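Please read the structure below before turning to the comments.
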Amino acid sequence: MNRKVEAAGVFPENRIRTASRKGVGGFILDGFLIVLCFLMISPFLWIVSTSLRLPKDSFSLPPAIFPTTFNFSNYMEVFQQVPFTAFIVNSLKISIVIVIGHIFISSMAAFAFSRISFPGRNTIFMVFLAGLMIPGQVTIIPQFILISKLGLVDTHWALILPALINPLGIFLIRQMMMTISSTYDEAAYMDGASRMWVFLKVVLPMVFPAVAVTSVMTFISHWNDFFRPLIFLNTFEKMTLPIGMTVLNGTFGSGNLSAILAGVALSLIVPLIFYIFGQKYLVEGITAGGLKM
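Going by this note's numbering, the letters in the sequence shown line up with residues 40 to 332, in that order.
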């Protein structure tokens with residue numbers, strides 16, 4: 040009996056040695072992760088701390104992580120110098136409409152490419168994916184010509200319409216749909232379900248994590264987009280947050296750095312809230328993608 044217990048390694052001495060080895064390794068790993076996390080969040084800490092400093096303390100050397108004085112007037116200066124609320128509303132409007140369009144268009148296109156058989160399906164899909172290899176700066180001139188012909192320059196639709204087609208989102212959702220057995224569709228069709236009912240009630244709920252992940256990626260991408268609003272928008276009141284924030288920089292970069300970083304800190308609130316509420320679905324989507332795709 041003692042030999043069996045000893046072979047199983049359940050003696051107190053063995054457990055203590057195993058726990059000590061795990062404890063040392065776990066302590067080293069935890070310390071490494073803490074240092075890594077600090078390095079990752081240190082720029083954000085510097086942004087927040089500098090936004091609370093006096094302007095004369097913004098360029099102090101060596102740079103301090105924590106402010107010695109808390110000057111909240113920098114945040115008031117942001118709203119005084121630019122229509123910051125209007126910029127946030129414009130960015131929210133454009134990003135949310137694009138995300139809603141992405142959910143419907145990308146998921147339906149992925150359903151067609153994964154569940155419907157038609158001639159040349161794979162060839163069309165490969166040609167469609169070729170768009171991922173073309174930088175957005177290359178297609179901006181044809182887009183601008185088309186948008187100007189439609190009379191949509193200096194409108195938010197100039198940013199929304201070209202962004203509704205998301206090849207990467209279609210690819211990711213389609214890949215997850217390919218992992219779903221076709222028996223679900225066949226059972227629904229045998230019960231008299233239509234193709235749209237199968238898409239909405241059977242397939243789409245199963246790929247919701249992939250839809251959530253691509254939606255978060257789409258929202259953050261267009262929330263931070265600077266290039267296309269710079270090309271298509273001319274009216275100051277219609278500008279989005281990234282391009283509108285450049286006004287705080289002042290002429291020849293002479294703006295108040297503390298106020299600029301106060302605006303940057305405020306612009307992080309919406310993506311942070313989006314991440315907090317979508318964290319559960321992000322983890323599910325990443326986990327499902329790692330297990331199935």
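No residue lacks a Cβ here, since even glycine has one placed at the ideal position from N, Cα and C.
Values in this document were obtained by computation on a predicted structure and should not be read as measured data.
Residue nearest to valine 241 within the set Tyr223, Ala197, Val138 and Gly231 is Tyr223 (criterion: CA-CA distance).
Non-local beta-carbon contacts of serine 130 in its own chain, meaning distances under 7 Å to residues more than five positions away in sequence, involve Trp262, Thr279 and Leu280 in chain order. Proline 82 sits in a helix when the DSSP states are folded into three classes.
Put simply, of Ser233, Ala304 and Gln176 the residue whose alpha carbon is nearest the alpha carbon of proline 82 is Ala304.
Around the beta-carbon of glutamate 225, fewer than 16 other beta-carbon atoms lie within 10 Å, marking it exposed. A distance of 8 Å or more separates the beta carbons of valine 250 and isoleucine 155. Annotation: phenylalanine 150 to phenylalanine 167 spans about 15 Å, alpha carbon to alpha carbon. Exclusion of the five residues before and after isoleucine 179 leaves Phe266, Arg267 and Ile270 as the residues of its chain whose Cβ lies within less than 8 Å of its Cβ. A Cβ-Cβ separation of about 5 Å places arginine 92 in contact with serine 297 under the 8 Å criterion. With respect to the 8 Å criterion, glycine 140 and leucine 191 are not classified as neighbours on the basis of their beta carbons.
At a Cβ-Cβ threshold of 8 Å, valine 121 and leucine 287 count as neighbours. Residue Ile209 holds the alpha-carbon nearest to the alpha-carbon of glycine 170 among Met147, Ile209, Asp193 and Ala197. Separation of asparagine 295 and histidine 195 (C-alpha to C-alpha, rounded to the nearest whole angstrom) is 30 Å. When the Cα atoms are used, phenylalanine 238 and methionine 245 turn out to be separated by approximately 10 Å. Runs of the beta strand (DSSP E) lying entirely within the segment 133–221 and spanning at least 3 residues: none are present.
Annotation: phenylalanine 247 to methionine 147 spans about 13 Å, alpha carbon to alpha carbon. When C-alpha distances from asparagine 110 are compared across Val63, Cys76, Pro94 and Asp230, the shortest belongs to Pro94.
Secondary structure at aspartate 69: helix, using DSSP grouped into helix, strand and coil. Take the alpha-carbon of methionine 216 and the one of serine 153: they are about 6 Å apart. The distance from the Cβ of leucine 78 to that of isoleucine 133 is about 33 Å, inconsistent with a contact at the 8 Å cut-off.
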